[in-house]
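Working notes, structure below.
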Amino acid sequence: MTDGPTYGFDTLQIHAGARPDPATGARQTPIYQSTAYVFRDAEHAAALFNLQEVGYIYSRLTNPTVAVLQERIATLEGGVGAVCCSSGHAAQIMALFPLMQPGCNVVASNRLYGGTVTQFSQTIKRFGWSAKFVDTDDLDAVKAAVDENTRAVFCESVANPGGYISDIEALAAIADEAGVPLIVDNTSATPYLCNPISLGATLVVHSTTKYLTGNGTVTGGCIVDSGKFDWSASDKFPSMSQPEPAYHGLKFHETFGPLAFTFHGIAVGLRDLGMTMNPQAAHYTLMGIETLSLRMERHVQNAKEIAGWLETHELVDYVTYAGLESSPYHDRVERICPKGAGGLFTVALKGGYAACVKFVENLEIFSHVANLGDARSLVIHSASTTHRQLTPEQQEAAGAGPNVVRISIGIEAAADLIADLDQALRKAHG
Ligand SMILES: *Cc1c(COP(=O)(O)O)cnc(C)c1O
């Protein structure tokens, strides 16, 4: 089928990027389990390597199954192109890689997935890059943090774990003013609930490991480009606007226009960093995406009911879910994620650290795992696990204090989940 703006999300999540296999007529996208692809002749091979013709060379760069997933996610996000890679963390490095050079920085929200805080505050320093963390609700602080070496602003649409909602429009305006892209991690919201590109984001990154796959089977990541950024407006992005020494002097922006970032991500990023998604992983994620809207609707419906119930529970201090009227982010839901605030939130327990550990241990339906966005309900005590490497100040800023448990609400029966939470809360305080 041709992908047009006339098709609804529910149609595109099943069809975008896929067509019956031309060789066999197979209706479901085959898993092209092949490392290499036969060239028609020497001229064809040369054209592929010169990027004069689009096609398959070697699966570190491109693979037909992965390509279907790339087109599907790009379409759902309203972007012009996407590059899939091996994990969400790989996607973040792949997104920054063409933008940054030693000495450059990214201005990042201080409310991010714990692993991202570690990646940005520690690991990227080895590349000579750095991150400046700011409270992205304080727009003056964001503006003040942007300097001449800033090459991107980075936030999460619905921030893990607290469920905070970023004012993407306001942050996009600041990034535009500074002439740098806004990168939005849309993992927790998914394109069904939030469309960062329509709110002004340049790039969207995903951990496809979570809701897009939706069943906790494979890790993966994706970078979607809006195609809207003018890489040649300044001299800040030489990999895009100047001859790229890593690709025999090719000028990506001049040659590929709005697809420059996507082509660079494949031709240089995947070629040299090698953070490739394998076709099996792409297959699982394609299966998941077919039901994304149905699952997200149920995640939201369950999360609303359960967060509301927890909020009134005598053993609960507070619940941070933007879908609750008590949330300071409640007003942003309609503007930023009109179909709901997702399925992820935190609950603070009376009884602090000890009660949280007991609570997590006594849950039966909920699994205690370092994951989120699964069809099954998941729970984790962030302070003793995912956010353990962070300082107490960073934990608090990230909404992962010692008295807080992160809950990823699944698509099971809400009544069963409530009963499970209730018995575990009682045991935690017993
Ligand atoms: C899980 C997650 C990541 C990292 O993704 P991996 O696939 O685990 O590498 C990044 N951002 C957010 C919001 C996440 O939830």
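Every number in the working numbering is 235 more than the matching position in the sequence shown, counting from 1. All residues carry an ideal CB built from backbone N, CA and C; glycine is no exception.
What does the alpha-carbon distance come out to for the pair Gly435 and Ala659? Walking along the sequence shown from the start, residue 435 turns up at place 200. Walking along the sequence shown from the start, residue 659 turns up at place 424. Those two C-alpha atoms are separated by around 43 Å.
May I ask whether a heavy atom of ligand 1 can be found less than 7 Å away from the beta carbon of Thr454? For this step, residue 454 is matched to residue 219 along the sequence shown. True, at least one ligand heavy atom lies under 7 Å from that Cβ.
Nonlocal neighbours in the same chain, by C-beta distance under 6 Å from Met236, ignoring five residues either side: Residue mapping note: residue 236 aligns to position 1 of the sequence shown, counting from 1. With a pLDDT of only 48 at Met236, under 50, the local geometry of the prediction cannot be trusted, and no value is derived from it.
From which residue to which residue does the beta strand (DSSP E) around Ile458 run? Working through the sequence shown from its first residue, we reach residue 458 at position 223. Here the beta strand (DSSP E) through Ile458 covers 456-460.
Inside the region 367-450 only - alpha helix (DSSP H) runs reaching at least 4 residues: 374-380, 403-413, 425-428
Decide if Phe284 is buried, meaning its Cβ has at least 16 other Cβ atoms within 10 Å, or exposed. The sequence position of residue 284 within the sequence shown is 49, counting from 1. Phe284 comes out exposed.
Going by beta carbon distance, what residues of the same chain come within less than 7 Å of Pro426, once the five residues before and after it are set aside? Here residue 426 corresponds to residue number 191 of the sequence shown, with the count starting at 1. Counting only Cβ-Cβ distances below 7 Å, and skipping sequence neighbours, we find Leu311, Glu312.
Given a threshold of 16 other Cβ atoms within 10 Å of its Cβ, counted over all protein chains shown, does Arg361 qualify as buried or as exposed? Here residue 361 refers to the residue found at position 126 when the sequence shown is read from its first residue. Label assigned to Arg361: exposed.
Could you give the first and the last residue of the continuous beta strand (DSSP E) run that contains Val453? Reading the sequence shown from its first residue, position 218 is the one you call residue 453. Run containing Val453: none; DSSP gives neither H nor E here.
Just to confirm, is the Cβ distance from Thr300 to His518 under 8 Å? Sequence index remark: in the sequence shown, residue 300 carries index 65 (1-based). Sequence index remark: in the sequence shown, residue 518 carries index 283 (1-based). Yes.
Answer yes or no: do Cys339 and Val393 have a C-beta to C-beta separation smaller than 8 Å? Along the sequence shown, read from residue 1 onward, the residue named residue 339 stands at position 104. Along the sequence shown, read from residue 1 onward, the residue named residue 393 stands at position 158. Contact: no.
When the Cα atoms are used, what is the spatial distance from Thr371 to Tyr399? Within the sequence shown, residue 371 is the residue found at index 136, counting from 1. Within the sequence shown, residue 399 is the residue found at index 164, counting from 1. So the two alpha carbons sit approximately 11 Å from each other.
CB-CB under 6 Å to Asp238, same chain, minus the five flanking residues each way: which ones, in chain order? Along the sequence shown, one-based indexing puts residue 238 at 3. No answer about Asp238 holds up, because its pLDDT of 48 lies below 50 and its placement is not dependable.
Cβ pair count under 8 Å reaching 3, the region 592-600 against the region 563-570: no
Give me the DSSP bridge partner(s) of Tyr203. Residue 203 lies beyond the stretch modelled for the chain, which goes from 236 to 665, so this question has no answer here.
Leu508 Cβ short of 7 Å to ligand 1 heavy atom set: Taking the sequence shown and counting its residues from 1, one reaches residue 508 at position 273. Checking the Cβ of Leu508 against ligand 1 gives no.
Return the CA-CA distance between His499 and Met475, expressed in angstroms with no decimal places. The count along the sequence shown starts at 1 and reaches residue 499 at position 264. The count along the sequence shown starts at 1 and reaches residue 475 at position 240. For His499 and Met475, the distance between alpha carbons rounds to 8 Å.
Does the beta-carbon distance from Thr264 to Val303 come in below 8 Å? Working through the sequence shown from its first residue, we reach residue 264 at position 29. Working through the sequence shown from its first residue, we reach residue 303 at position 68. Against a cut-off of 8 Å, the Cβ pair of Val303 and Thr264 comes out as a contact.
Report whether the distance from the Cβ of Tyr564 to the nearest heavy atom of ligand 1 is below 7 Å. On the sequence shown, position 329 is the one that residue 564 refers to. Tyr564 Cβ: outside cutoff for every heavy atom of ligand 1.
With H, G and I counted as helix, E and B as strand and the rest as coil, what does DSSP make of Ser365? Taking the first residue of the sequence shown as position 1, residue 365 is located at position 130. The answer is strand: DSSP assigns Ser365 an E or B state.
Can you tell me whether Asp671 is buried or exposed? The criterion is at least 16 other CB atoms within 10 Å of its CB, across all chains shown. Because the chain spans 236 through 665 in this model, residue 671 falls outside it and cannot be assessed.
Could you tell me the alpha carbon to alpha carbon distance between Gly577 and Tyr267, rounded to whole angstroms? Working through the sequence shown from its first residue, we reach residue 577 at position 342. Working through the sequence shown from its first residue, we reach residue 267 at position 32. For Gly577 and Tyr267, the distance between alpha carbons rounds to 33 Å.
How far does the alpha helix (DSSP H) with Ile524 in it extend, from its first residue to its last? Working through the sequence shown from its first residue, we reach residue 524 at position 289. Counting along the chain, the alpha helix (DSSP H) containing Ile524 begins and ends at 514-524.
Run through DSSP, which three-state label would Cys591 get? To locate residue 591, count along the sequence shown from 1; it is residue 356. The answer is helix: DSSP assigns Cys591 an H, G or I state.
Using the three-state DSSP reduction, which class does Val639 fall into: helix, strand or coil? Residue 639 sits at position 404 when you count from the first residue of the sequence shown. Correct three-state label for Val639: strand.
Leaving out the 5 sequence neighbours to the left and right, which residues in its chain are closer than 6 Å to Ile409 when beta-carbon positions are compared? Translated into positions along the sequence shown, residue 409 becomes position 174. If we look at Ile409 and ignore the five residues flanking it on each side, its Cβ neighbours are Val377, Lys378.
For Gly338, which of helix, strand or coil comes out of DSSP? Indexing the sequence shown from 1 puts residue 338 at position 103. Gly338: coil per DSSP, three-state reduction.
Taking 7 Å as the cut-off, is the C-beta of Ser612 nearer than that to any heavy atom in ligand 1? On the sequence shown, position 377 is the one that residue 612 refers to. Flag unset: Cβ of Ser612 not near ligand 1.
What ranges does the alpha helix (DSSP H) occupy inside the region 264-290, keeping only unbroken runs of at least 4 residues that lie completely in it? 277-284
Taking the beta carbon of Glu412 as the centre, do at least 16 other beta carbons fall within 10 Å, making it buried, or is it exposed? On the sequence shown, position 177 is the one that residue 412 refers to. Per the 10 Å Cβ criterion, exposed.
So, for Asp657: in the same chain, excluding its five sequence neighbours on each side, which residues have a beta-carbon less than 8 Å away from its beta-carbon? Reading the sequence shown from its first residue, position 422 is the one you call residue 657. Once the five neighbours on either side are set aside, the close Cβ partners of Asp657 are His548.
Between the Cα of Asn638 and the Cα atoms of Asp552, Glu599, Ala650, which residue gives the shortest distance? Looking up residue 638 in the sequence shown gives position 403. The option with the nearest alpha carbon to Asn638 is Asp552.
Can Ile646 and Arg506 be called in contact, C-beta distance under 8 Å? Taking the first residue of the sequence shown as position 1, residue 646 is located at position 411. Taking the first residue of the sequence shown as position 1, residue 506 is located at position 271. No. Outside cutoff.
Considering only residues of the region 461-512, which uninterrupted alpha helix (DSSP H) runs meet the minimum length of 4 residues and lie entirely inside it, listed in chain order? 473-476, 487-491, 495-499
Measure the alpha-carbon distance for Lys486 versus Glu306 and round it to whole angstroms. By one-based count along the sequence shown, residue 486 stands at place 251. By one-based count along the sequence shown, residue 306 stands at place 71. The alpha-carbon atoms of Lys486 and Glu306 are separated by roughly 24 Å.
In the structure shown, what three-state DSSP assignment does Met236 receive? Along the sequence shown, one-based indexing puts residue 236 at 1. Residue placement at Met236 cannot be trusted, given a pLDDT of 48 that sits under 50; the coordinates are not used to answer.
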